[in-house]
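Residue numbers (this note's numbering): 2 to 288. The beta carbon of each residue, even a glycine, is placed where N, CA and C say it ideally should be.
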């Protein structure tokens, strides 16, 4: 990890790639959909998978996910081990100087557009995509621990989605940070969740100008509670996917657009069959 954090500049100048970093408990049940997404675009992406250490299964040798697991450690929901895993993924992805954009995904994520559309959106973006907002509620500011002061003040405290996308410079900043992360590890404990506060707060302090303040991964929190809605087989339809693909407005490179989300979660393994059925409409057409 120290080696990756030292890569501030690089002399190589290859075709830029997007690093797809999967944080998973074990297998990737939606892998067949992702296989279709990646097909034919070799050289434009890299894949990194962090799983539970005891998970040793490998996909077929023909799979894009074959031998893409990185050295991993146990991850426990709601603890700093989650961010440790994210940093581990970044460390491995930064070792490839061609990787210029880094997107964090889970085994329950799906792509909402074809690869070319996603690639161009990320590579051409002037900003990174991290949800980072000041939440005055008990689930926002209420999680701030006064022991974090003065290194992290309440004025700097932010909340956001765990599922981020960053450019290379910001990835290096996150991985190189030795000032703020120990504060979060020691003082952000449940009901404070490090994965919801560390990166949003760090970016707000260090590089707010490079952040769009929004996530590109759709998650449905409308029902409330500690976990988002999980979509099952009967929920999947092109109408649902198009609602997420085209039903919002946001800013991209200074212009208003309805393409705000490139990925969506949380999709149960049972959704694979209907998603594959919709794949031609989802992945073959340009936006």
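- Task: For residue 282, count neighbouring Cβ atoms within 10 angstroms of its own Cβ and tell me buried if that reaches 16, exposed if not.
- Result: exposed
- Task: Would you please state the rounded distance, in angstroms, between the beta carbons of residue 263 and residue 114? I believe it to be under 8 Å.
- Result: 6 Å
- Under 8 Å, do residue 33 and residue 242 count as touching if we go by C-beta distance? no
- State the start and end residues of the unbroken beta strand (DSSP E) segment that holds residue 22. 18-24
- 7 Å CB neighbourhood of residue 275 in its chain, flanking five on each side removed: 234 and 237
- Query: Taking the alpha carbon of residue 133 as the point to measure from, which residue in 127, 26 and 157 has its own alpha carbon closest?
  - Reply: 157
- Query: Are residue 220 and residue 180 closer than 8 Å when you measure CB to CB?
  - Reply: no
- Message: Measuring CB atoms only, is the segment 160-168 touching the segment 46-64, in the sense that at least three cross pairs come out at less than 8 Å?
- Response: no
- Message: Please classify residue 93 as buried or exposed, where buried requires at least 16 other C-beta atoms within 10 Å of its C-beta.
- Response: buried
- Message: Once the 5 residues before and after residue 178 are set aside, which same chain residues still bring their CB inside 7 Å of it?
- Response: 203
- Query: Do you know offhand how far residue 75's Cα is from residue 90's?
  - Reply: 14 Å
- Item | Residues bridged to residue 265 [DSSP beta-bridge criterion] | 111 and 219
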